[in-house]
Amino acid sequence: MATTEIDRDAEAGSPNTSSTSHGVDLKLEIVVIPVSDVDRAKAFYARLGWRLDADFASGDEWRVIQFTPPGSACSVIFGKNVTPAAPGSARGLYLIVSDLAAARQDLLDRGIAVSAPFHGAGDVHAGPDEPYLFGSVRVSGADPKRGSYSSFASFSDPDGNGWLFQEVTTRLPGRIAGDGTTFASTADLAATLRRAAVAHGEHEKRIGGHDENWADWYADYIVREQAGQPLPS
85 MATTEIDRDA
95 EAGSPNTSST
105 SHGVDLKLEI
115 VVIPVSDVDR
125 AKAFYARLGW
135 RLDADFASGD
145 EWRVIQFTPP
155 GSACSVIFGK
165 NVTPAAPGSA
175 RGLYLIVSDL
185 AAARQDLLDR
195 GIAVSAPFHG
205 AGDVHAGPDE
215 PYLFGSVRVS
225 GADPKRGSYS
235 SFASFSDPDG
245 NGWLFQEVTT
255 RLPGRIAGDG
265 TTFASTADLA
275 ATLRRAAVAH
285 GEHEKRIGGH
295 DENWADWYAD
305 YIVREQAGQP
315 LPS
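Taking our numbering, I'd label the letters of the sequence shown as residues 85 to 317.
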């Protein structure tokens, strides 16, 4: 996701073409990943704590397994004779998280190897590291400014299919409709409330006292954050 292009489109006031050009919603439902050992892959994704939705088979020639990550509207499918791709060739599979440290710790607690946090190198995008959204340079540590979209960690399944955590706390404009605030999980809502609480504390410092309308302020903050709009002060 090129943030410079997104910012330019937002400043130009470009309409959200997904809502103006189509009469039917197009919802990404499934990502198919190639694996060499179906049972080994099933054990790995179950170990991640993902929900097992299906395990269908027809003799020895066909099998399909579906898992869904917590809070995700999109699922993952793998199996036998479900994709011509080479096992391990799926890379750049992004899992959006509101708290990178918590997401990494959850994997570590489950005994899953995950990289240390990393971020991009500014205007430098070519280097020796495995490519990701910000190029092939991975700078150690989370983004110093903790900018939304800017901190990552990576892990792989037993075949080498590559997954990345990307920390997103505030959506860029136009990515979520302002009239459609939703939360994928209670954990996602709780993380948003914690950010709102911190911001509201600063708001009360500025006004010099208790804000009687704190509930309205929280609601405004949460809706604006999801829609990528300027936050209340």
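Cβ atoms here follow ideal geometry from the backbone N, Cα and C, with glycine treated the same way.
- By the criterion of a C-beta distance shorter than 6 Å, residue 234 is surrounded in its chain by 203 and 227, once the five residues flanking it on both sides are discounted.
- Counting only residues of its own chain and dropping the five nearest sequence neighbours on each side, residue 198 has a CB closer than 6 Å to the CB of 188, 191, 237 and 239.
- By the Cβ-count criterion, residue 245 is buried, with 16 or more other Cβ atoms from all chains shown falling within 10 Å of its own Cβ.
- Less than 8 Å divides the Cβ of residue 115 from the Cβ of residue 158.
- Take residue 281, set aside five residues on each side of it, and no residue of its chain has a beta-carbon closer than 7 Å to its own.
- Take residue 170, set aside five residues on each side of it, and the residues of its chain with a beta-carbon closer than 7 Å to its own are 118, in chain order.
- In the DSSP assignment, residue 246 falls within the beta strand (DSSP E) that extends over 246-251.
- A straight line joining the alpha-carbon of residue 232 with that of residue 168 spans about 36 Å.
- Residues of the same chain with a CB within less than 7 Å of the CB of residue 194, apart from the 5 flanking positions on each side, are 131, 132 and 133 in chain order.
- With a threshold of 16 other beta carbon atoms within 10 Å, residue 286 falls short and is exposed.
- Annotation: residue 210 to residue 222 spans about 10 Å, alpha carbon to alpha carbon.
- Here residue 173 has 118 as same chain residues with Cβ atoms under 7 Å from its own Cβ, once five neighbours each way along the sequence are excluded.
- The straight-line gap separating the alpha-carbon atoms of residue 161 and residue 180 is approximately 19 Å.
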